[in-house]
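Okay, so the sequence shown: first residue is 14 according to my numbering, each after it adds one.
Virtual Cβ for every residue (Gly too), placed ideally from N, Cα, C.
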Amino acid sequence: MNAMAQDRPRGATPAAQRKLAPDLARGVMLLLIAMAYSGVYSGIVFGTPTPEQAPPDTVARFLTVLLLDNRAFPMFAILFGYGMSWMIARQRRAGTDEPEMRRLLRRRSLLLLLFGAVHAFLVYQGEILTSYGLAGLVIGWLLFRPDRTLKRTIVLLTILYALTCSIAMLGTAAATAFGEGVAAEPAGYTTLTDWLGRLAALPFLPLVLAVAYPLLLLVVIGFLAGRHGLLDDPAAHRGLLGRIAVGGVAISVLGAVPAALIGIGAVQLAVVPTGLLLSLQVLTGVLGGAGYAAGFALLALRLDRHRGALTRAVAAVGQRSLTFYLLNSVTVAVVLHPDLLGVGAHVDSLGALAVGLGSWLLTLALAAWMDRTGRSGPVDALMRALVYRKA
14 MNAMAQDRPR GATPAAQRKL APDLARGVML LLIAMAYSGV YSGIVFGTPT PEQAPPDTVA
74 RFLTVLLLDN RAFPMFAILF GYGMSWMIAR QRRAGTDEPE MRRLLRRRSL LLLLFGAVHA
134 FLVYQGEILT SYGLAGLVIG WLLFRPDRTL KRTIVLLTIL YALTCSIAML GTAAATAFGE
194 GVAAEPAGYT TLTDWLGRLA ALPFLPLVLA VAYPLLLLVV IGFLAGRHGL LDDPAAHRGL
254 LGRIAVGGVA ISVLGAVPAA LIGIGAVQLA VVPTGLLLSL QVLTGVLGGA GYAAGFALLA
314 LRLDRHRGAL TRAVAAVGQR SLTFYLLNSV TVAVVLHPDL LGVGAHVDSL GALAVGLGSW
374 LLTLALAAWM DRTGRSGPVD ALMRALVYRK A
C-alpha cells in the first residue's frame, strides 16, 4: 500500500486536483488542430494561393489563414511546455530527486518520438508529437534552470526564429512561384513507393518543424508560464492574462492579414515580399497561440463555478488530449484522404473545415461518455504507464 501511495502522484492527476483552464484550452485546441489538419487533405497548403474557389470557400480560406494556420499549433506547443513544467513541479512536491525527474522527462520525450513516428508513418506526416519529443530531448534541461535562463533563452530563440522562419517562408514562396509549389497531395497508401516515402520522411519532419516554425520558442514560453501557474490560477493573474489575450490575438490577426490576402489570391507579390509576409504570419502566431491560451484561461474563470454539460465535455477532451489528438487525426484522414473514403477530392476549404469540426464533435460525445463512466483515454493511460513504470 505504501508503494502504491508513493506512485500515485506520479500517474494520472486526481480529478479533484485538475484545473479547468488547461483542460478547457486543450479541448478547444484539439478542435483547431483537427480543422487545420483537414485542409491538407483537400489540397490546401499554407503559402500556396487558392484563388479559384467559390465565395464561401474563399471566406473560409481567408479566416483559416487569419485565425487558424500557425495559431493552433503554437497554442498546442505552449500547452505542451506548460504541461512539462507542471509535471516537474508535481514531481518536486512528491519528493522526486532531480536525476529521476530527468529520466522521466527523457523517457516521456522518447515515447513521444515513438508515438509520433507511428502516427506519421501510418496517418499524417505533418504531425507534431515527434517534434514535441525532440523538443523535450533538446531543451528539457531548461526546466531545471532559473527564470532568468528561460527569459534569456526566449530572447535568443526569438532572434533565431526570425531568421529561420524567414528563410523557410522565402523557400515556400520561391517553390510556389518558380516550381510546382509546395506539395499538397498527402502521402499515399497504395504503392510500395508511398510507404518507402513515408518511411524516408520520418527522420526529417520533426527537424523541419523545429527549424522552420518557432517550436522550441513556444515550448520554452510554456515552461515559463507553467512555472508561474498562469493557467492553474487565472484569478491571480487576471490582469496579465487579459493583456496577453487582447494584445496577442490583436497582433496575431494584424500579422496574418497579408498572408490571408495572398492565400485567396487577392494579392500577388514578388517572391521576397511574399516570403517575408508569410514569415510575419508564422511569427505573429506565437502571440496568437499565447493569446488563445490566455483567453481560455479567462473563460474558465467564468465557467468554473457552474460547469455545464458542454464545459465538462470539452474539459474531458482536454484531459485525454493525446488519445483524442490521434483519434481526430485518424478520423479526418479516413474521411478525406484520396486513397481512403476520398471526400477531400470533392470539397474545398469550407468542406474540409466541416469535416474537422464533425470529427471533433464525435470526440466530444465520446469524451463526455468516458467522463461519466470514469474511463481514462487509452493512449494517455498507456503513455503514463510507460513513463512511470518501475525501474
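Closest in alpha carbon position to L33, among L222, S372, F157 and V327, is V327.
If you draw a straight line from the Cα of L363 to the Cα of I277, it is about 13 Å long. With respect to the 9 Å criterion, D82 and Q332 are not classified as neighbours on the basis of their beta carbons. Where Q138 is concerned, there is no enclosing alpha helix (DSSP H), because DSSP gives it neither an H nor an E. For the pair L127 and L374, the Cα-to-Cα distance works out to about 28 Å.
Going by beta carbons, Y305 and M42 fall inside the 9 Å limit. For S292, the enclosing alpha helix (DSSP H) has its first and last residue at V284 to L316. It is roughly 42 Å from the alpha-carbon of R121 to the alpha-carbon of F191. According to the DSSP assignment, S55 belongs to no alpha helix (DSSP H), since it is labelled neither H nor E.
Excluding residues up to 5 positions away in sequence, nothing lies with its Cβ nearer than 8 Å to the Cβ of H359 in the same chain. The C-beta separation of F337 from G298 comes to about 23 Å, leaving the pair out of contact by the 8 Å criterion. Per the C-alpha coordinates, the member of G268, Q281 and V224 positioned closest to T189 is Q281. When the alpha-carbon of G308 is set against those of S292, V262 and D352, the nearest one is in V262. In this structure, L349 lies away from S98, with their beta-carbon atoms at least 9 Å apart.
V345 carries a helical assignment under DSSP once its states are collapsed to helix, strand and coil.
Less than 9 Å divides the Cβ of A47 from the Cβ of V345.
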